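Protein chains: 2
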Amino acid sequence: MSGTQPRADARRNRENLVRVAREVFAESGTDASLRDIARRAGVGIGTLYRHFPTREDLLGAALSTGLGALREEAHRGLGEQSPGEALFAWMETFASRSSVWCGVPGSVMEALHGGRPAVQAAFTDVIEAVADLLARAQREGTVRGDVDAEDVITAASALGWVSEKCGPAYTARLLAVVRDGLGVPRDGSAPRPLPAAPGLGAPPPAGTP
Amino acid sequence: MSGTQPRADARRNRENLVRVAREVFAESGTDASLRDIARRAGVGIGTLYRHFPTREDLLGAALSTGLGALREEAHRGLGEQSPGEALFAWMETFASRSSVWCGVPGSVMEALHGGRPAVQAAFTDVIEAVADLLARAQREGTVRGDVDAEDVITAASALGWVSEKCGPAYTARLLAVVRDGLGVPRDGSAPRPLPAAPGLGAPPPAGTP
DNA sequence: GCCATTCCGGAGCGGTGCTCCGTATATTTC
DNA sequence: GAAATATACGGAGCACCGCTCCGGAATGGC
Chain A
4 MSGTQPRADA RRNRENLVRV AREVFAESGT DASLRDIARR AGVGIGTLYR HFPTREDLLG
64 AALSTGLGAL REEAHRGLGE QSPGEALFAW METFASRSSV WCGVPGSVME ALHGGRPAVQ
124 AAFTDVIEAV ADLLARAQRE GTVRGDVDAE DVITAASALG WVSEKCGPAY TARLLAVVRD
184 GLGVPRDGSA PRPLPAAPGL GAPPPAGTP
Chain B
4 MSGTQPRADA RRNRENLVRV AREVFAESGT DASLRDIARR AGVGIGTLYR HFPTREDLLG
64 AALSTGLGAL REEAHRGLGE QSPGEALFAW METFASRSSV WCGVPGSVME ALHGGRPAVQ
124 AAFTDVIEAV ADLLARAQRE GTVRGDVDAE DVITAASALG WVSEKCGPAY TARLLAVVRD
184 GLGVPRDGSA PRPLPAAPGL GAPPPAGTP
């Protein structure tokens, strides 16, 4: 047998599982039944668990393609509008998209703060794209200089959570508030300084199971 | 038997259940095992379900006392500082408290947008107190006039969610951002208008189970 | 003391996440 | 082509979950 090549049926089943998982997670949320996913993929439950030992592994695989689109969105927006506009447009896209997707807000928060490697890997490109967008907006002078990419993504995730909970109307209002808060004061003065940021990978609060 | 008075053991069991539920929800989150709560309260699972037919009923009962304290916090802050300061202090209290409590952010969002009556009732006083605080802050000129109490509570809930997910440090940074966004521009000009607010009790987005 | 009312407890149902191992299939080797 | 072997599959099984239902125990008025 030639090295590390997986068997044909294994590969087929894996792709099937990811495709079905994306559908089911979008329909029923992040805590959908894994048995159900296996059933709808025409596969035994054991097969699902061999390919994806953890729910997070499956979620990470299901997310990765959608996240690719999200990253491209960040890059595309950059060509058509100012960096600041592109950043806020991206936040809106993220927030609205994540309520349709599969529990992205919770996942991205875990990925940012010591979550499972599978999900973390899926977000790496997105984080880089946002950091780039933010840096340009700050050089442009539209966004205050003391916020970092984690702030932006955390805020976007929180807005996605709001969108999940009570729909897009409140999300749009809060996005407008956050936007004003992230911007520099109109009179050109320095904004009230932000509290110190913890380093990335900081442990989540105690008591989080 | 005299009218509607409950039996002594029923009353005792009910109080026990609420007390234990508060502990367990705080320890293990909103989706803790109800069987476990019943066990730790020295009570059968049937008893729990008779007193609280729904998980939300139990959650609402467990929340109500803590929410009373939260409402008083809003009133007390009003005496010692300006309405604007009191409002933001309250938001911070709510956000930090809710991560220690039992999944308050999710509950308050449900309460605001057509959630279970049990939880909704527990929040009524808090919502009123916040609306009062906000109105004063707006008359004072510290907070922009086009935000409403639902915006404030939604934002505070989102911050509580962030606090649950990644600890108080990021929460403090985002609170500062939101604070600047809620304030009036320093040059006294009118802020960029917010998108229209939906009426209270607006239905949550489709597909929410 | 008795008795009607109220309340309790846990067995039981269908579901879940996750593990484990006998079996079937794909691939290589002859 | 057939045989051999590594690889992957499937589902029974375990412990737990939410929730229902009903026989039996506790309670309080008489």
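Residue numbers (this note's numbering), protein chains in the order written: chain A, 4 to 212; chain B, 4 to 212.
Don't be surprised by glycine CBs; every beta carbon is placed ideally from N, CA and C.
Model, not experiment: these values are computed from the prediction.
Going straight from the alpha carbon of SER85/B to that of LEU185/B, what length do you get?
-> The residue given as residue 85/B occupies position 82 in the second sequence. The residue given as residue 185/B occupies position 182 in the second sequence. Spanning the two alpha carbons is a distance of roughly 15 angstroms.
State the Cα-Cα distance for the pair GLY210/A and ALA29/B, rounded to the nearest angstrom.
-> Counted from its first residue, the first sequence places residue 210/A at position 207. Counted from its first residue, the second sequence places residue 29/B at position 26. Residue placement at GLY210/A is poorly supported in this model, since its pLDDT is 40, which falls under 50; the coordinates still yield a value, given next. Near 9 angstroms, if we compare the C-alpha coordinates of ALA29/B and GLY210/A.
Does the stretch 87-103 of chain A come close enough to the stretch 153-166 of chain A to have 3 or more Cβ pairs within less than 8 angstroms?
-> yes
What does ALA24/B reach in chain A if we use C-beta pairs closer than 8 angstroms?
-> As a working note, residue 24/B is residue 21 in the second sequence. Neighbours of ALA24/B on chain A: none; closest Cβ ~16 angstroms, over 8 angstroms.
Within chain B, partners of ALA152/A - CB distance below 9 angstroms | Residue mapping note: residue 152/A aligns to position 149 of the first sequence, counting from 1. Simply none; closest approach about 12 angstroms.
For VAL155/B, which of LYS168/B, CYS169/B, GLU131/B, SER166/B has the nearest alpha-carbon?
-> As a working mapping, residue 155/B is identified with position 152 in the second sequence. Cα-wise, what sits closest to VAL155/B is GLU131/B.
Neighbour list for ARG176/A in chain B, Cβ cutoff strictly below 7 angstroms | By 1-based counting over the first sequence, the position of residue 176/A is 173. What ARG176/A touches in chain B: ASP154, LEU197, PRO198, ALA200.
With a cut-off of 8 angstroms on the beta carbons, I'd call LEU20/B and LEU51/B a contact; round off their distance for me.
-> The count along the second sequence starts at 1 and reaches residue 20/B at position 17. The count along the second sequence starts at 1 and reaches residue 51/B at position 48. Right, the Cβ-Cβ distance comes to about 6 angstroms (below 8 angstroms), so this counts as a contact.
Report the rounded CA-to-CA distance for ARG142/A versus ARG22/B, giving the unit in angstroms.
-> Here residue 142/A corresponds to residue number 139 of the first sequence, with the count starting at 1. Here residue 22/B corresponds to residue number 19 of the second sequence, with the count starting at 1. In a straight line, the C-alpha of ARG142/A is about 54 angstroms away from that of ARG22/B.
Straight-line Cα distance separating VAL165/B from ALA172/B = The count along the second sequence starts at 1 and reaches residue 172/B at position 169. The count along the second sequence starts at 1 and reaches residue 165/B at position 162. Going from the Cα of ALA172/B to the Cα of VAL165/B covers about 10 angstroms.
Could one say the Cβ of ALA209/B lies closer than 7 angstroms to chain A's Cβ atoms, at least one of them?
-> Here the question's residue 209/B lines up with position 206 in the second sequence. With a pLDDT of 43 at ALA209/B, under the threshold of 50, the predicted position of this residue should be treated as unreliable, though the coordinate-derived value follows. Taking Cβ atoms only, chain A never reaches closer than 7 angstroms to ALA209/B, which makes this a no.
Closest Cα partner of ASP151/A within the set ASP135/B, LEU177/B, THR127/B | Taking the first sequence and counting its residues from 1, the one referred to as residue 151/A is at position 148. Here the closest residue by C-alpha is LEU177/B.
6 angstroms Cβ shell around VAL27/B - same chain, five flanking residues per side excluded | Locating residue 27/B in the second sequence gives position 24, counting from the first residue. So the qualifying residues of the chain are ALA35, ILE40.
Are the Cβ atoms of LEU81/A and VAL129/A separated by less than 7 angstroms?
-> As a position in the first sequence, residue 81/A is number 78, starting the count at 1. As a position in the first sequence, residue 129/A is number 126, starting the count at 1. Against a cut-off of 7 angstroms, the Cβ pair of VAL129/A and LEU81/A comes out as no contact.
ARG43/A versus ARG195/B - alpha carbon distance | Taking the first sequence and counting its residues from 1, the one referred to as residue 43/A is at position 40. Taking the second sequence and counting its residues from 1, the one referred to as residue 195/B is at position 192. For ARG43/A and ARG195/B, the distance between alpha carbons rounds to 48 angstroms.
Among GLY148/B, GLU83/B, CYS169/B, which one has its Cα closest to the Cα of PRO201/A?
-> Taking the first residue of the first sequence as position 1, residue 201/A is located at position 198. The residue with the shortest Cα to Cα distance from PRO201/A is CYS169/B.
Return the bridge partner residues of ASP150/B from the DSSP annotation.
-> Against the second sequence, residue 150/B aligns to sequence position 147. According to the sequence shown, residue 150/B is Val rather than Asp. The partner list for VAL150/B (beta bridge, DSSP) is empty, contrary to what the question assumes.
C-alpha distance - THR7/B paired with GLU18/B, whole-angstrom precision = Counting from 1 along the second sequence, the entry for residue 7/B is found at position 4. Counting from 1 along the second sequence, the entry for residue 18/B is found at position 15. Distance between the alpha carbons of THR7/B and GLU18/B: 18 angstroms.
Cβ of THR57/A within 7 angstroms of any chain B Cβ | Indexing the first sequence from 1 puts residue 57/A at position 54. No, its Cβ sits nowhere closer than 7 angstroms to a Cβ of chain B.
Partners in chain A for GLY184/B, counting only beta-carbon separations shorter than 9 angstroms | Within the second sequence, numbered from 1, the residue matching residue 184/B stands at position 181. Those within 9 angstroms of GLY184/B in chain A are LEU177, ALA179, VAL180, VAL181, ARG182, ASP183, GLY184, LEU185, GLY186.
Shorter than 7 angstroms from the beta carbon of ALA159/B to some beta carbon of chain A?
-> Taking the first residue of the second sequence as position 1, residue 159/B is located at position 156. No - not a single Cβ of chain A is within 7 angstroms of the one on ALA159/B.
Compute the Euclidean distance between the alpha carbons of ALA140/A and ALA193/B, then round it to the nearest angstrom.
-> Residue numbering aside, residue 140/A sits at position 137 when the first sequence is read from its first letter. Residue numbering aside, residue 193/B sits at position 190 when the second sequence is read from its first letter. Computed Cα separation, rounded: 23 angstroms.
Interface partners of SER192/B on chain A, CB under 7 angstroms | To locate residue 192/B, count along the second sequence from 1; it is residue 189. Going along chain A in sequence order, the residues near SER192/B (Cβ under 7 angstroms) are ARG189.
Identify, in the order they occur along the chain, each residue of the same chain with its Cβ nearer than 7 angstroms to the Cβ of PHE97/A, setting aside the five sequence neighbours on each side.
-> The count along the first sequence starts at 1 and reaches residue 97/A at position 94. Closer than 7 angstroms at the Cβ level, and outside the excluded window around PHE97/A, lie LEU73, ALA159, GLY163.
Closer than 9 angstroms, Cβ to any Cβ of chain B: which residues of the stretch 119-143 of chain A, in chain order?
-> none
In angstroms, rounded to a whole number, what distance separates the CA positions of MET94/B and ASN16/A?
-> By one-based count along the second sequence, residue 94/B stands at place 91. By one-based count along the first sequence, residue 16/A stands at place 13. Rounded to whole angstroms, MET94/B to ASN16/A spans 49 angstroms at the Cα level.
Which residue's Cα is closest to the Cα of ALA57/A: GLU75/A, LEU37/A, VAL146/A, LEU66/A?
-> For the purposes of this step, residue 57/A is taken as residue 54 along the first sequence, with counting starting at 1. Correcting the residue type first, residue 57/A is Thr in the shown sequence and not Ala. Checked all of GLU75/A, LEU37/A, VAL146/A, LEU66/A; the closest Cα to THR57/A is LEU37/A.
Chain A residues whose Cβ lies nearer than 7 angstroms to that of TRP164/B | Taking the first residue of the second sequence as 1, we reach residue 164/B at position 161. One finds ALA161, TRP164 in chain A with Cβ atoms closer than 7 angstroms to the Cβ of TRP164/B, taken in chain order.
With a threshold of 16 other CB atoms inside 10 Å of the CB of THR68/A, please say whether the residue is buried or exposed.
-> Translated into positions along the first sequence, residue 68/A becomes position 65. Flag for THR68/A reads exposed.
Cβ of GLY204/B within 7 angstroms of any chain A Cβ | Residue 204/B sits at position 201 when you count from the first residue of the second sequence. At GLY204/B, the pLDDT of 46 sits below 50, so the modelled position is not reliable; the number obtained from the coordinates is stated separately. For GLY204/B, the answer is no, since every Cβ of chain A falls outside 7 angstroms of its Cβ.
Going by the CB atoms, is the gap between LEU61/B and ALA11/B shorter than 7 angstroms?
-> Walking along the second sequence from the start, residue 11/B turns up at place 8. Walking along the second sequence from the start, residue 61/B turns up at place 58. Against a cut-off of 7 angstroms, the Cβ pair of LEU61/B and ALA11/B comes out as no contact.
Along chain B, which residues have their Cβ under 9 angstroms away from the Cβ of TYR52/A?
-> The count along the first sequence starts at 1 and reaches residue 52/A at position 49. In chain order: nothing, as chain B lies at least about 22 angstroms away.
Where ALA11/B meets chain A, residues with beta-carbon distance less than 8 angstroms = Numbered from its first residue, the second sequence carries residue 11/B at position 8. Per Cβ cutoff of 8 angstroms: no residues; ALA11/B is ~35 angstroms from chain A at best.
From ALA199/B to GLU153/B, what distance separates their C-alpha atoms?
-> As a first step, residue 199/B is located in the second sequence; it is residue number 196 there, counting from the start. As a first step, residue 153/B is located in the second sequence; it is residue number 150 there, counting from the start. For ALA199/B and GLU153/B, the distance between alpha carbons rounds to 13 angstroms.
Would you report the Cα separation of VAL146/A and PHE126/B, rounded to the nearest angstrom?
-> The sequence position of residue 146/A within the first sequence is 143, counting from 1. The sequence position of residue 126/B within the second sequence is 123, counting from 1. Whole-angstrom Cα-Cα distance: 36 angstroms.
Candidates ALA77/A, VAL187/A, ARG53/A, HIS54/A: closest to LEU136/A by CA position | By 1-based counting over the first sequence, the position of residue 136/A is 133. Minimum Cα distance to LEU136/A is reached at ALA77/A.
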